[in-house]
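Novice:
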Amino acid sequence: MVFAEVFCRNGIGLIAVEIPGTGDSPALAEDPLSPDQQWSSVLDWIDADERIDNRKLFAWGIPTGGYYTIRIAHTHSIRLLGVICHSGACHHMFDREWLSGVDELPESFAHKWGFGNDFDKCKNEAKTLFRFFTILHK
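In this text, residue positions in the sequence shown follow the numbering used here: the first is 34, and each later residue adds one.
#1: Indicate whether the contact test is met: 3 or more Cβ pairs, each with one atom in the segment 76–90 and one in the segment 144–164, closer than 8 Å.
#2: Would you say the segment 88–98 touches the segment 43–55, given that touching needs at least three Cβ pairs under 8 Å?
#3: Between the Cα of I19 and those of K156, R84, S120, I85, spot the shortest distance and give me the residue it belongs to.
#4: Which same chain residues, not among the five before or five after V103, have their C-beta less than 6 Å away from its C-beta?
#5: Drop a sphere of 10 angstroms on the beta-carbon of P68, count the other beta-carbons inside from all chains shown, and report buried for 16 or more, exposed for fewer.
#6: Starting from W93 and walking both ways along the beta strand (DSSP E), at which residues does that stretch end?
#7: Let me check one thing: in DSSP terms, what residues is I117 bridge-paired to?
#8: For F163, collect the residues of the same chain with a Cβ closer than 7 Å to its Cβ; drop the 5 residues on either side in sequence, then sort them by chain order.
#9: Quick check on A49: does DSSP put it in helix, strand or coil?
#10: By DSSP, does R104 sit in helix, in strand, or in coil?
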């Protein structure tokens, strides 16, 4: 992250947002709500560290991490100063038509969202499970 140094010089904490199942993320891809629980835990941990000014936190995500950055902006808005989303997946990404156009690594895409290698199931069910309007209005 090229701009991380700029944030640090200005006393702003930057949280890199990863997708469930990557890096050290314990969130379960097959549980649409587990990332929200993960972020509550991460932010609680940050709150407990006196060295970190929790009033100056940004979440930063790219592609699929951007999806979660947008989501965090809604689910944890009072705990962040802001979010930065680069090319975040949203809106029509879970439409069957859009998913049918994914021509590279469809099984990997399905696996990321908790559908294993069943890309057809992903195309049929992902919109219901992961669309922002569905999740954020529960």
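Glycine residues also receive a C-beta, built at the ideal position from the N, C-alpha and C atoms.
As the structure is a prediction and not an experimental result, all values here were calculated from the model.
Specialist: So, from the listed chains and residues:
#1: With a cut-off of 8 Å, the segment 144–164 and the segment 76–90 do not count as touching, because too few Cβ pairs lie within range.
#2: The segment 88–98, when compared against the segment 43–55, does touch it at the 8 Å Cβ threshold.
#3: The requested residue 19 is not part of the displayed model; the chain covers only 34 to 171.
#4: The question names Val, but residue 103 is Ile in the sequence shown. So the qualifying residues of the chain are C118, G121, C123.
#5: Here P68 is buried, its C-beta having at least 16 other C-beta atoms within 10 Å.
#6: That run of the beta strand (DSSP E) goes 90–94.
#7: I117 pairs with W93.
#8: The answer, listed in chain order, is P65, F127, W146.
#9: DSSP places A49 in strand when its eight states are reduced to three.
#10: If DSSP states are grouped into helix, strand and coil, R104 belongs with the helices.
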